[in-house]
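For the protein sequence lines, the chains are A and B, in the order given. Under the numbering used here, think of the first position of the first sequence as 13, with each following residue one higher. Under the numbering used here, think of the first position of the second sequence as 13, with each following residue one higher. Everything below concerns the one structure shown next.
Protein chains: 2
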Amino acid sequence: MSIASNKVLIQEAELKNLGSQAFQRLGLPPADAADVVEVLLLADLFGLSTHGLSRLESYGERLKVGGINAHAQIKVSNPAPAIRLIDGDNAVGPLVGMHALRAAMAAAEQQGVGIAFARNSNHFGPISPYGLIAANAGYASIIGSNATTTIAPWGGTDARVGNSPIGFGVPHPGGNHFLLDMAMSVVARAKIRNALKAGATIPSDWATDAEGLPTTDPKQALDGFLQPIGGHKGYGLALMVDLFAGLLSNAAYLTHVKSWVDAPDEPQNLGHFFLLIDTKRLGSPQWLAERMSDFAAILHGSPAALAERPVIQPGEIELARMASQREHGIAIDSDVLALLRRA
Amino acid sequence: MSIASNKVLIQEAELKNLGSQAFQRLGLPPADAADVVEVLLLADLFGLSTHGLSRLESYGERLKVGGINAHAQIKVSNPAPAIRLIDGDNAVGPLVGMHALRAAMAAAEQQGVGIAFARNSNHFGPISPYGLIAANAGYASIIGSNATTTIAPWGGTDARVGNSPIGFGVPHPGGNHFLLDMAMSVVARAKIRNALKAGATIPSDWATDAEGLPTTDPKQALDGFLQPIGGHKGYGLALMVDLFAGLLSNAAYLTHVKSWVDAPDEPQNLGHFFLLIDTKRLGSPQWLAERMSDFAAILHGSPAALAERPVIQPGEIELARMASQREHGIAIDSDVLALLRRA
């Protein structure tokens, strides 16, 4: 395996240990540090390094100034047999996420379906790690979180909607799960920055200028707002995620969500939802494995428009990278490794 | 209210009666006809005339050739406290949809969350009518259906994925519900046909040519495939809908779904899912109404990029049209009215 020059290879067990020690030095009890590291380490295994253990830096800064509570007492209540409400007590996001995931799994095991609504939380990492844990236990999932507002309402001219992520998982008992994890913008801001550096224009559906009008100029785009996928459709999806993750969970929503950049020492009151379905209640693992294999085979059978880019199903790249990195070691930024060692 | 020259205004009660009589003449028992008409009439009230009572034509053709079962015996089973499985017995789609919706609402009332998976079904109309019925009873909803394959997998070159619709609803106890109902393509094929007629090019993200490559030529696009919103993101969303609606429900999925155009006399075995959450378990109607009003007010408060197009929330146009048409009469195509009278 070739890796970039600023990356080093490290074994999973060692990285897990380093992460756990680092979060414990930031004040987390060992069991809580283990939950946080489980999510962030899976992100690194999937190759999602921007959402992996590199987050120690931003989480650590907020833990140090009291913007995140290192000694949170997370509470779970049951307002209905299949519903769990999680009060995150302003804990590190992935810790709230893992509590909510376990609560939703327990409800789904009992009732067939379970939903956990979490409030008083923070950035909870990427979604696919939660989707993987759920899928490995046989649960299909719809999981979402709201986020600081960075995009304009469709047709509007100021940031009032978060680029909220949503994820969907469907288990394949053989391990080839369907895992989709996406935010609502057409592209991330980094792609616009790259276009600016390269002196290139951008497609008109990537972003608007500061007046809310579509632009092909990357400089104007960086002063403006990212556009959601499909225009009004992606805008609607972003709202749906915020309604489920923020409004229904009794967390903050839209502009009520505090920015961790502008106010790192204040609680954000982010919200999440974890909706799980126990597929074992729908049919046997053999039944599901056959159908999931057939589903993927139908997609793979479509001849590729570009020979070098065969048709894939969401999750394939991440699961393959996880398998490879478990065998050969995890490629991690040397700066992140240094941070883990000294944090 | 001004209406197009080929439209006539008709009162809701009269249209309901005409629809019910028409479906009874096609062999449906009165209660079943009432269920079908409830969904299609709401579509017309919302202004979704392509998915309203005009569907009598295509549904009727298939009922006459035995492709849809007029005397279906729909069965419901409970594999878990919060799960319902609906066997539609190849009934008219909206009839299966209404049975599934009621089953999911009953499960959600008991458990807080309920999901109904329907199989052996047909085109079930638009989603927003179901979302409205659920929202009026206090349920938030995620509802989806699979569809005949018309789009290519992302990067592929033949039709293997349906342009599957998904809908989301969140109730406002005061009636201003959030209702989003969308298919996965950037645009409908009709918009490409219009561009061809006008001699115009189309944006490169609307469709691919027959070789799966993006095109700006509407003629090549009509020989090719619609593109999903956000490229690989919309592709993933379309797959998620089919996995939940088709694969998990034990219905057909992807290319296993029969085309009602190519094989009108054969069962399609479409699948749907109805996932409902009882918001009354999360807080009081007052709590929810305040938050929903505030949510909409934040969006409305964003100054519009174009003065003639103020920021709206999904569902607003449809709910306003319903209120107006209930007061002034429903604008319906004169051909559809003639069809309803003679069917």
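Idealized CB from N, CA, C, for every residue including glycine.
CB contact below 7 Å: Asp229 of chain A versus chain B: Working through the first sequence from its first residue, we reach residue 229 of chain A at position 217. False, the Cβ-Cβ gap to chain B never drops below 7 Å.
Beta-bridge pairing of Val125 of chain B - partner residues as DSSP gives them: Residue mapping note: residue 125 of chain B aligns to position 113 of the second sequence, counting from 1. According to DSSP, which records beta bridges pairwise, Val125 of chain B is partnered with B:Ile289.
Reference Val173 of chain A, options B:Asp347, B:Ala308 and B:Phe35, closest by Cα: On the first sequence, position 161 is the one that residue 173 of chain A refers to. Of the candidates B:Asp347, B:Ala308 and B:Phe35, the one whose C-alpha sits nearest the C-alpha of Val173 of chain A is B:Ala308.
Proximal residues, the stretch 90 to 116 of chain A versus chain B, C-beta separation under 7 Å: Pro91, Ala92, Pro93, Ala94 and Ile95
Within chain B, partners of Ile241 of chain A - CB distance below 7 Å: Within the first sequence, numbered from 1, the residue matching residue 241 of chain A stands at position 229. Under the 7 Å cutoff, chain B gives Ile241, Gly242, Lys245 and Gly246.
Beta-carbon contacts of Ile127 of chain B that lie in its chain and below 8 Å, excluding the five residues immediately before and after: Position 115 of the second sequence holds residue 127 of chain B. Excluding residues within five positions, the ones whose Cβ falls inside 8 Å are Ala94, Ile95, Arg96, Ala116, Ala119, Phe285, Phe286, Leu287 and Leu288.
Any 3 or more C-beta pairs closer than 8 Å across the stretch 136 to 155 of chain B and the stretch 70 to 87 of chain B: no
DSSP three-state assignment for Thr160 of chain B, whether helix, strand or coil: Your numbering for residue 160 of chain B matches position 148 in the second sequence. The answer is coil: DSSP assigns Thr160 of chain B none of H, G, I, E or B.
Nonlocal neighbours in the same chain, by C-beta distance under 8 Å from Leu208 of chain B, ignoring five residues either side: Within the second sequence, numbered from 1, the residue matching residue 208 of chain B stands at position 196. The answer, listed in chain order, is Pro230, Lys231 and Leu234.
Candidates B:Asn262, B:Leu38, B:Ser346 and B:Ala343: closest to Arg293 of chain A by CA position: Here residue 293 of chain A is taken as the residue at index 281 of the first sequence, counted from 1. Arg293 of chain A has its Cα closest to that of B:Asn262, out of B:Asn262, B:Leu38, B:Ser346 and B:Ala343.
Buried versus exposed call for Gly156 of chain B [16 or more other C-beta atoms within 10 Å across all chains shown]: Locating residue 156 of chain B in the second sequence gives position 144, counting from the first residue. Buried, since its Cβ has 16 or more Cβ neighbours within 10 Å.
Every unbroken beta strand (DSSP E) inside the stretch 64 to 129 of chain A [3 residues or more]: 87 to 92 and 95 to 99
Chain B residues whose Cβ lies nearer than 9 Å to that of Thr162 of chain A: Taking the first sequence and counting its residues from 1, one reaches residue 162 of chain A at position 150. Those within 9 Å of Thr162 of chain A in chain B number zero; the least Cβ separation is about 13 Å.
Cα-Cα separation, Ile139 of chain A to Gly59 of chain B: By one-based count along the first sequence, residue 139 of chain A stands at place 127. By one-based count along the second sequence, residue 59 of chain B stands at place 47. Between Ile139 of chain A and Gly59 of chain B, the C-alpha separation is close to 37 Å.
Given 8 Å, three or more beta-carbon pairs between the stretch 264 to 271 of chain B and the stretch 215 to 227 of chain A: no
Phe35 of chain B in three-state terms, based on DSSP: Locating residue 35 of chain B in the second sequence gives position 23, where the first residue counts as 1. DSSP places Phe35 of chain B in helix when its eight states are reduced to three.
Rounded C-alpha distance that separates Ile342 of chain B from Pro315 of chain A: On the second sequence, position 330 is the one that residue 342 of chain B refers to. On the first sequence, position 303 is the one that residue 315 of chain A refers to. About 47 Å.
C-beta atoms of Leu30 of chain B and Leu352 of chain B nearer than 7 Å: Here residue 30 of chain B refers to the residue found at position 18 when the second sequence is read from its first residue. Here residue 352 of chain B refers to the residue found at position 340 when the second sequence is read from its first residue. It is a contact, given that the beta carbons lie within the stated cut-off.
Buried or exposed (CB count within 10 angstroms, at least 16 for buried), Thr227 of chain B: The residue you call residue 227 of chain B lines up with position 215 of the second sequence. With 16 or more Cβ atoms within 10 Å of its Cβ, Thr227 of chain B is classed as buried.
Asp193 of chain B: first and last residue of the uninterrupted beta strand (DSSP E) it sits in: Taking the second sequence and counting its residues from 1, one reaches residue 193 of chain B at position 181. Note, Asp193 of chain B: beta strand (DSSP E), Phe190 to Met194.
Cα-Cα separation between Gln337 of chain A and Ala319 of chain B, rounded to whole angstroms: For the purposes of this step, residue 337 of chain A is identified with residue 325 of the first sequence, where counting begins at 1. For the purposes of this step, residue 319 of chain B is identified with residue 307 of the second sequence, where counting begins at 1. Near 53 Å, if we compare the C-alpha coordinates of Ala319 of chain B and Gln337 of chain A.
Beta-carbon contacts of Pro185 of chain B that lie in its chain and below 6 Å, excluding the five residues immediately before and after: Indexing the second sequence from 1 puts residue 185 of chain B at position 173. Taken in chain order, the residues that qualify are Pro297, Leu300 and Ala301.
Own chain residues within Cβ distance below 6 Å of Lys87 of chain B, not counting five before or after: As a working mapping, residue 87 of chain B is identified with position 75 in the second sequence. Same-chain partners within the cutoff: Asp99.
Tyr142 of chain A - DSSP class collapsed to helix/strand/coil: Numbered from its first residue, the first sequence carries residue 142 of chain A at position 130. Helix at Tyr142 of chain A.
Neighbour flag for Ser336 of chain A against chain B, beta carbons, 7 Å: Taking the first residue of the first sequence as 1, we reach residue 336 of chain A at position 324. No, because no Cβ of chain B sits closer than 7 Å to the Cβ of Ser336 of chain A.
Bridge partner(s) assigned by DSSP for Ala362 of chain B: The structure shown does not extend to residue 362 of chain B, since chain B spans only 13 to 355, so no value can be given for it.
Assigned secondary structure, Met13 of chain B (DSSP; H/G/I helix, E/B strand, else coil): Taking the second sequence and counting its residues from 1, the one referred to as residue 13 of chain B is at position 1. Confidence is the limiting factor: at Met13 of chain B the pLDDT is only 49, short of 50, which leaves the residue's position unreliable, though a coordinate-based value still follows. Met13 of chain B: coil per DSSP, three-state reduction.
Strand pairing of His284 of chain B, partner residues [DSSP]: Numbered from 1 along the second sequence, position 272 holds the residue referred to as residue 284 of chain B. Beta-bridge pairing links His284 of chain B to B:Ala130 and B:Ser157.
Beta-carbon proximity check, His189 of chain B vs Ala147 of chain B, cutoff 7 Å: Along the second sequence, read from residue 1 onward, the residue named residue 189 of chain B stands at position 177. Along the second sequence, read from residue 1 onward, the residue named residue 147 of chain B stands at position 135. Yes.
Chain B contacts from the stretch 127 to 144 of chain A (Cβ-Cβ distance under 9 Å): Ile127 and Phe129
Partners in chain B for Leu331 of chain A, counting only beta-carbon separations shorter than 8 Å: Counting from 1 along the first sequence, the entry for residue 331 of chain A is found at position 319. Per Cβ cutoff of 8 Å: no residues; Leu331 of chain A is ~14 Å from chain B at best.
Against chain B: residues of the stretch 260 to 278 of chain A by CB proximity under 9 Å: Leu260, Ser261, Asn262, Tyr265, Leu266, Thr267 and His268
Contacts of Gln123 of chain B in chain A (Cβ-Cβ under 7 Å): Counted from its first residue, the second sequence places residue 123 of chain B at position 111. Per Cβ cutoff of 7 Å: Ala92, Pro93, Ala94 and Gln123.
is_contact[Asp235 of chain A, chain B] using C-beta, thresh 7 Å: Residue 235 of chain A sits at position 223 when you count from the first residue of the first sequence. Output row for Asp235 of chain A: interface = no.
Per DSSP, the bridge partner or partners of Tyr151 of chain B: If you number the second sequence from 1, residue 151 of chain B lands on position 139. Tyr151 of chain B pairs with B:Asp290.
Boundaries of the beta strand (DSSP E) in which Gly181 of chain A is found, first to last residue: In the first sequence, the residue the question calls residue 181 of chain A occupies position 169. Segment Ile178 to Val182, the beta strand (DSSP E) holding Gly181 of chain A.
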